[in-house]
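Count along the sequence shown from 1, add 1, and you get the number used in this note's numbering.
For every residue, glycine included, the Cβ atom is placed at its ideal position computed from N, Cα and C.
Remember, it's a predicted structure, so these values are computed and weren't measured experimentally.
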Amino acid sequence: MIQLHQITKSFGSLQVLKGVDLHVSKGEIVSIVGPSGAGKTTLLQIVGTLDRPDDGSVVIDGTDVFSLKQRELSLFRNQHIGFVFQFHQLLPEFSALENVMLPALIAKKNFRKTENEAKELLDFLGLNDRLTHKPNELSGGEKQRVAVARALMNHPSVILADEPSGSLDSKNREELHRLFFDVRNQFNLTIVIVTHDKELSALSDRIITMKDGLVHDS
Ligand code: ADP
């Protein structure tokens, strides 16, 4: 599902990625761990096509993504990749339902169909009684579940999560861990998670450690 070949990336004179090779299979949940500053977020941004490598290739679902033109790349990202961040990044003025619908509406999908799908997703994530709540009326765990619903809205083949449990307490962390597995099993998604959360990484199918700009399977 995801194939990285010899990815390099520097910021000025600092080489952060030094030739990363990585293969992730369809339906796999992979955690990327490693010390702060090891390049984990940079790698995730490149897999998510939010940043370009200096060299090397990223193939997602058979497409060599950086050979696409900018417009096609944005389209590809919208259709194939869902993002979950540490700080959910929900829009405060919109309800849970509206936050989930927004990406699909921006992609000009049909309003009624989008609304029905968003409700189904929120229901699947146990939030059917929170549809009209705004982010500041939701708990941290609920906000993160809304963010997962939003990431699922465009039927991605890959979910990329950067410290998704980083701002949660232990009860909500456990719930989120379970959720990733439910989501993978239900939608047969590939999930890559950057995390310091030992329990979350221990649950994943594979742990990859980043060190000195390279990845090591552990
Ligand atoms: P990690 O996620 O493992 O903590 P990052 O990928 O965030 O590591 O960062 C790796 C290194 O790259 C750090 O030294 C960071 O300061 C540097 N870095 C990341 N993004 C940028 C940027 N946009 N400009 C300059 N330096 C950056």
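Our contact map puts Phe86 next to Asp163 with C-beta atoms below 8 Å; I'd like the distance itself, whole angstroms only. Stepping through the sequence shown from its first residue, residue 86 is reached at position 85. Stepping through the sequence shown from its first residue, residue 163 is reached at position 162. Yes, they are in contact, since the Cβ atoms of Phe86 and Asp163 sit about 5 Å apart, within 8 Å.
So Gln46 is in the alpha helix (DSSP H); what residue range does that whole segment cover? Here residue 46 refers to the residue found at position 45 when the sequence shown is read from its first residue. Segment 41 to 48, the alpha helix (DSSP H) holding Gln46.
Quick check on DSSP: helix, strand or coil for Gly141? Position 140 of the sequence shown holds residue 141. Helix at Gly141.
Presumed contact (8 Å Cβ cut-off) between Leu153 and Ala97, rounded CB distance: Position 152 of the sequence shown, counted from the first residue, corresponds to residue 153. Position 96 of the sequence shown, counted from the first residue, corresponds to residue 97. No, Leu153 and Ala97 are not in contact; Cβ-Cβ is about 14 Å, not under 8 Å.
Determine, using beta-carbon pairs with one atom in the stretch 4 to 20 and one in the stretch 57 to 65, whether at least three such pairs fall under 8 Å. yes
Need the endpoints of the alpha helix (DSSP H) that Gln71 sits in, please. Residue 71 sits at position 70 when you count from the first residue of the sequence shown. From DSSP, the alpha helix (DSSP H) with Gln71 extends over 71 to 81.
Quick check: what's the CA-CA separation for Leu91 versus Leu15? Working through the sequence shown from its first residue, we reach residue 91 at position 90. Working through the sequence shown from its first residue, we reach residue 15 at position 14. Spanning the two alpha carbons is a distance of roughly 33 Å.
Can you tell me whether Gly83 is buried or exposed? The criterion is at least 16 other CB atoms within 10 Å of its CB, across all chains shown. Taking the first residue of the sequence shown as 1, we reach residue 83 at position 82. Classification of Gly83: buried, given that the 10 Å Cβ count is 16 or more.
Using C-beta distances below 6 Å, list every residue in its chain close to Pro136, excluding the 5 sequence neighbours before and after it, in chain order. Mapped onto the sequence shown, residue 136 falls at position 135. Counting only Cβ-Cβ distances below 6 Å, and skipping sequence neighbours, we find Leu91, Pro93, Lys144.
What three-state label does DSSP hand Gln187 in the structure shown? Numbered from 1 along the sequence shown, position 186 holds the residue referred to as residue 187. Note: Gln187 maps to helix in three-state DSSP.
My guess is that Gly20 and Met211 are in contact by the Cβ rule of under 8 Å, so how many angstroms apart are they, rounded? One-based indexing of the sequence shown puts residue 20 at position 19. One-based indexing of the sequence shown puts residue 211 at position 210. Rounded, the Cβ-Cβ distance is 12 Å, inconsistent with contact.
Below 7 Å CB to CB, which residues in the same chain sit around Gln80 once its five sequence neighbours on both sides are set aside? As a first step, residue 80 is located in the sequence shown; it is residue number 79 there, counting from the start. For Gln80, where only same-chain residues beyond five positions count, the Cβ hits under 7 Å are Asn155.
Determine contact between the stretch 191 to 200 and the stretch 114 to 128, defined as no fewer than three beta-carbon pairs at a distance below 8 Å. no
Strand pairing of His178, partner residues [DSSP]: On the sequence shown, position 177 is the one that residue 178 refers to. DSSP lists no partner for His178.
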